[in-house]
Each structure stands twice: as C-alpha cells, then as structure tokens.
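Engineer: Structure provided below as structure tokens; questions to follow.
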Amino acid sequence: MQTGNVIGLIVMLEEQGQRSRSHAMPLDIIRAQAQAIGLPV
Numbered sequence: 020m021q022t023g024n025v026i027g028l029i030v031m032l033e034e035q036g037q038r039s040r041s042h043a044m045p046l047d048i049i050r051a052q053a054q055a056i057g058l059p060v
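Note that our numbering numbers the sequence shown so that position 38 is 57, with each residue one more than the last.
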C-alpha cells in the first residue's frame with residue numbers, strides 16, 4: 020500500500036470549461052466538493 024499526502028484535485032473539463040468531461044459535472048459542484056474536503060482544484 021502506498022502512502023502520501025493529497026494536495027489537490029485534478030479535473031479534466033470539456034472545451035467550454037464549465038463541466039467535467041467524464042460525468043458532465045458542473046464546475047461549481049466540483050469546487051464545492053473540493054472545498055468540503057479542504058482541497059484546492
């Protein structure tokens with residue numbers, strides 16, 4: 020098992036930059052999730 024520190028989230032966005040590519044999740048939801056767990060996007 021590997022150990023380490025998580026320092027942020029990496030998200031691939033669609034061309035317009037408003038939704039994630041894989042699940043079409045809105046950017047504001049992604050930012051809210053990151054904030055809830057204390058990580059930058």
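Just so you know, even glycine gets a beta-carbon here, dropped at the ideal spot from N, CA and C. Here the structure is a predicted model, which is why all the values come from computation and not from measurement.
State the Cα-Cα distance for the pair E33 and D47, rounded to the nearest angstrom.
Structural biologist: Going by the C-alpha atoms only, they are around 14 Å apart.
Engineer: Are the beta-carbon atoms belonging to P59 and G27 less than 7 Å from one another?
Structural biologist: The answer is yes: Cβ separation under 7 Å.
Engineer: With distances taken between CB atoms, is the gap from V30 to I49 smaller than 7 Å?
Structural biologist: Contact: yes.
Engineer: How long is the line joining the alpha carbons of A53 and A43, rounded to whole angstroms?
Structural biologist: The alpha-carbon atoms of A53 and A43 are separated by roughly 16 Å.
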